[in-house]
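Residues 1 to 576 in the UniProt record's numbering are what the sequence shown lists, from first letter to last. Virtual Cβ for every residue (Gly too), placed ideally from N, Cα, C. Since the structure is predicted, the reported quantities are computational estimates derived from the model, not experimental observations. Reading through the structure tokens given below for one structure.
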Amino acid sequence: MAVGARHCTLRFMEQLESTSLMKCSLSSSPLYQKQYVHFFNSSQRYSQCCSLSMNGCQGDPRAPIGTIETRTLPAVSSPALAMERLNSAISDLVKSEPPPYSSGTIRLEVPIEEQIEALEWLHAQNHLLLPRCFFSGRRPPTEIMCINGTSSHSKLVSVAGVGSAVFFTHLRPFSFDDWRAIRRFLSKKCPLIRAYGAIRFDATANIASEWSAFGSFYFMVPQVEFDELEGSSIIAATIAWDNAASWTYQRAIDELRATIWQLSSILMTVQKKIPHSHILARTHVPGKSSWDHAVKRALQIISRNDSVLIKVVLARSTRVVTAADIDPLTWLACLKVEGENAYQFCLQPPHSPAFIGNTPEQLFHRDRLSICSEALAGTRARGGSELLDVKIEQDLLSSAKDHNEFAIVRECIRRRLEAVCSSVLIEPKKAIRKFSRVQHLYARLRGRLQAEDDEFKILSSVHPTPAVCGYPTEDARAFISETEMFDRGMYAGLVGWFGGEESEFAVGIRSALVEKGLGALIYAGTGIVEGSDSSLEWEELELKTSQFTKLMKLEAPLVTRGQRRIINQNQKVQRA
């Protein structure tokens, strides 16, 4: 399908289903024709508001950067004063002599003596000012920052950014050289200079038009950034240049000034409750009958004596159009309210819809040589009462099917960590992690890298986990490629950031692709193992997407597999 096709409205291609049963083998032809959804080509719409930048992947990843520094200005009491001070500092850069380096990264930051939500700052900016990003960590790491020459400890709560001092993207799969290209603009001495972004679930798959602006991966060091800390905030501007990539110091400053000129220092409270709106259209890909066929086929292959496939994760894309506009940042604010113990993120390159999510799953967190990861599998809804919640929890803990699925994920991650770590500790080995709407089986894994360059090995080996792909990985990926009828894009991929001495990535699940005024694509998946039931797995998809759909209209409570089993057991007791 042509990526550059122009469309002014959302549309789906007609679903093409095979009318006959296909031979059950991993090498068989696809059961279904892939479908693509088109958000209109928005290049003209965005062209006047996007500042230019350089693609860091075009530079020499082996060449060291001339200088990387952070300049902290005196603290002020409000965002308006911070913007004034930042503008003044940028003007001083223009008047002063350029640094004697052919490449570099300079961050100017102004502390604000008030904690302000980063998402509110981002919401106050023109939604056409792209690229933009937002990332809120589940457990904020402790940052060391310098205010007026005095070091202090603060916790970084969330980060929002607009424009890119430097971005990194390509159509080919993310490589070691790409990782080095990003790392060369970062420094251990400047922990808040970070590259935020995402990597596709399957870089070998064709990129659908709705994901074309993301490429195989997309990372950005924000031009202007708002950092929300516990008890305070920071507004910062970053310039990056590399003469070898035809991006000079002067050009970097000119583009930064163009971005600064468009910013607002008047904050707007983000609405954290969306007025319920009727859904005009809601289309699942695959539909229920196609889903049943796909699950049946997966179970047939898993049960064969000669099959190596143990688990495969099948996903669904749901296109939703509502009577009222869907604003991605308003959606994200609502997800953030119920997102305790979860990561919230937004990534929107130029000429693209926004990829947003509220994911519970950490892929890994690296702090120097220490690394930790998680195994998360098995899903149940939360109970409407404390008693029902405990019953559902016990149902999940005692389920042989869910334990099998969970053990596959945990042991696979353990083996992959052991390949690059000197030791790996699992604690707890199996527990329950509860979120506002769901609960999962959970284990935490810790290890120690032998060298910092092993971060790329972790990145490339741990992703994709069996929790979002299956096991063995390549067999599961092949089944997904020939079975699923849509492009996952960044869904179930990696979402997070690289820093000089610290990095953190989550798995891009519980996510959606959103364009204001044009609707959304909501993604969800579920693991298929021996003993899976297609109808129960479909209910799990409904549960996972309900965090989005509940924002649009009032829905009847879902009766999920844990509740259904308890209801059935009670009915049997009553009949007895």
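Separation of the CB atoms of Ile90 and Arg251 is rounded to 14 Å, and the pair is thereby denied contact status at 8 Å. In this structure, DSSP gives Gly161 an extended state, which the three-state scheme calls strand. Secondary-structure assignment with DSSP links Phe345 through a beta bridge to Phe135 and Gly357. Going by beta carbons, Ala492 and Pro472 fall outside the 8 Å limit. Scanning its chain for C-beta atoms nearer than 7 Å, with the 5 sequence neighbours on each side dropped, one finds around Ala524 the residues Ala315, Arg316, Leu541, Lys544 and Thr545, in chain order. The segment 387 to 401 and the segment 410 to 417 do not touch, with fewer than 3 CB-CB distances between them shorter than 8 Å. Note on the segment 169 to 241: whole alpha helix (DSSP H) runs with a minimum of 4 residues are 176 to 183, in chain order. Take Val313, set aside five residues on each side of it, and the residues of its chain with a beta-carbon closer than 8 Å to its own are Pro466, Ala467, Val468, Cys469, Gly470, Ala476, Ile480, Ala492, Gly525, Thr526, Gly527 and Ile528, in chain order. Comparing C-alpha distances from Ala375 to each of Val321, Arg433, Pro328 and Ala323 shows the shortest one belongs to Arg433. Straight-line spacing of the CA atoms in Arg319 and Leu280 works out to 11 Å. Residue pairing by DSSP places Ile68 opposite Thr105 in a beta bridge. Under the criterion of beta carbons closer than 8 Å, Arg446 and Leu425 qualify as touching, at roughly 5 Å. Per DSSP, the unbroken beta strand (DSSP E) holding Tyr442 starts and ends at Val438 to Leu449.
Ile199 and Gln300 have their C-alpha atoms spaced approximately 32 Å apart. With 16 or more other Cβ atoms inside 10 Å of its own Cβ, Gly519 counts as buried.
Between Gly59 and Ala245, the C-beta spacing is below 8 Å. Going by DSSP, Trp331 is part of the alpha helix (DSSP H) stretching over Pro328 to Val337. Its chain contains Pro79, Ala80 and Met83 as the residues whose beta carbon lies nearer than 7 Å to that of Ser265, once the 5 sequence neighbours on both sides are disregarded; these appear in chain order. Using a 10 angstroms sphere on the CB of Asp202, the tally of other CB atoms reaches 16 or more, which defines it as buried. Pairwise C-beta distances place the segment 62 to 79 in contact with the segment 186 to 194, as three or more of them are shorter than 8 Å. Taking a cut-off of 8 Å on C-beta distances, the segment 99 to 108 touches the segment 228 to 245, as three or more cross pairs fall below it. The Cβ-Cβ distance between Tyr218 and Thr259 does not fall below 8 Å. When the beta-carbon positions are compared, Phe505 and Arg183 stay at least 8 Å from each other. The residue among Leu388, Asp325, Lys429 and Gly378 with its C-alpha nearest the C-alpha of His440 is Gly378. A direct Cα-to-Cα measurement between Ala354 and Ser503 gives close to 23 Å.
Boundaries for His278: no beta strand (DSSP E) harbours it, and the DSSP string shows neither H nor E there.
Apart from sequence neighbours up to five positions away, the residues of its chain that approach Arg382 with a beta-carbon distance below 8 Å are Asp389, Ile392, Lys434, Phe435, Ser436, Arg437, Val438 and Gln439, ordered along the chain.
Burial state of Leu329 is buried, judged by a 10 Å Cβ sphere holding 16 or more other Cβ atoms. Collapsing the DSSP output to three states places Pro79 in a helix. Spanning the alpha carbons of Ser303 and Arg138 requires a straight line of approximately 38 Å. Gly357 is a Cβ neighbour of Val495, given a cutoff of 8 Å.
Secondary structure at Ser246: coil, using DSSP grouped into helix, strand and coil.
Residue environment for Arg368: exposed (fewer than 16 other C-beta atoms within 10 angstroms of its C-beta). Straight through space, the alpha carbons of Thr322 and Glu455 are spaced by roughly 42 Å. By DSSP's assignment, Phe498 forms a beta bridge with Ala195 and Ser503. His365: member of the beta strand (DSSP E) spanning Gln362 to Asp367, first to last residue.
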